[in-house]
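Quick notes on the structure that follows.
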Amino acid sequence: MKSLDYLRKMKSEEKVILISPSVEICKSYVIKSKNCLRSAKILYKARLYENSVGEAYYAMYNAALAMLYRAGIKSLNHSATSMMIGFVFNRPDLKGKLEIAKKERIRKQYSVMDKIGLLSIVKTSEQFMLEAEDFMLECEVLIGAIQPNRLKRLRRTIESI
332 MKSLDYLRKM
342 KSEEKVILIS
352 PSVEICKSYV
362 IKSKNCLRSA
372 KILYKARLYE
382 NSVGEAYYAM
392 YNAALAMLYR
402 AGIKSLNHSA
412 TSMMIGFVFN
422 RPDLKGKLEI
432 AKKERIRKQY
442 SVMDKIGLLS
452 IVKTSEQFML
462 EAEDFMLECE
472 VLIGAIQPNR
482 LKRLRRTIES
492 I
């Protein structure tokens, strides 16, 4: 119930807004997502592993935003975005993956790595690039499955919050 209360708060603060569904904006976020994954791979090759984790997260986040825009939902909050994926699209698995990636991105962005942690960050970076690819593919499948009847149901779900 905490998640629903949080989404209500975000909706009342206009950080979650119903808008017209947009295939065009959805496609733009899919492209942005792919560019973030590409950046993550470039950063990994340049041995900038912490930055690679961040870009892998943003690849996932932008894929999630693409789903929401396709359904006519604008989210201006990272936590609300992941909750909406779980609640509106009924995909708690994707919600969980996005939340884990967000926590890891924050951890890598705001902490300093010592030599001992280097091997760990290399593996984390590799793992999150793979996770991002899987997440993005799942989002694209869900986007493709949004037909008019499903779109109405998704919008009714957010209206009910």
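At position 73 of the sequence shown the residue is numbered 404 (our numbering), and the sequence of numbers has no breaks. No residue lacks a Cβ here, since even glycine has one placed at the ideal position from N, Cα and C.
Enumerate in chain order the residues of its own chain whose CB-to-CB distance from Val453 is below 7 Å, with the five nearest sequence positions on each side excluded.
Excluding residues within five positions, the ones whose Cβ falls inside 7 Å are Tyr380.
Can you tell me whether Ile348 is helix, strand or coil according to DSSP?
Of the three classes helix, strand and coil, the one that applies to Ile348 here is strand, per DSSP.
Within 10 angstroms of its Cβ, does Asn382 collect 16 or more other Cβ (buried), or is it exposed?
Answer is buried; the Cβ neighbour count reaches 16.
Output the boundary residues of the beta strand (DSSP E) element that contains Ala406.
For clarity, residue 406 is Ser in the given sequence; the question names Ala instead. 404 to 406 is the extent of the beta strand (DSSP E) around Ser406.
How many angstroms separate the CA atom of Val419 from the CA atom of Arg481?
Straight-line Cα distance between these residues: approximately 11 Å.
Which value, in whole angstroms, describes the spacing of the CA atoms of Leu485 and Ala402?
In a straight line, the C-alpha of Leu485 is about 7 Å away from that of Ala402.
Please list the terminal residues of the continuous alpha helix (DSSP H) segment that includes Tyr375.
That run of the alpha helix (DSSP H) goes 354 to 376.
Starting from Gln440, trace the alpha helix (DSSP H) both ways and give me its first and last residue.
Start and end: 423 to 440.
Roughly how many angstroms separate the alpha carbons of His409 and Tyr392, rounded to a whole number?
Cα to Cα, the separation comes out at about 8 Å.
What does the alpha-carbon distance come out to for the pair Lys434 and Ala371?
Each residue's alpha carbon lies about 17 Å from the other.
With 16 other CB atoms within 10 Å as the buried threshold, where does Leu338 fall?
It counts as buried.
Once you ignore the five residues that flank Thr455 on each side, which residues in its own chain have a CB closer than 8 Å to its CB?
Hits under 8 Å: Tyr380, Val384, Glu435, Lys439.
I think Leu429 touches Ala395, with their Cβ atoms under 8 Å apart; what is that distance to the nearest whole Å?
Leu429 to Ala395, Cβ: 6 Å. Contact.
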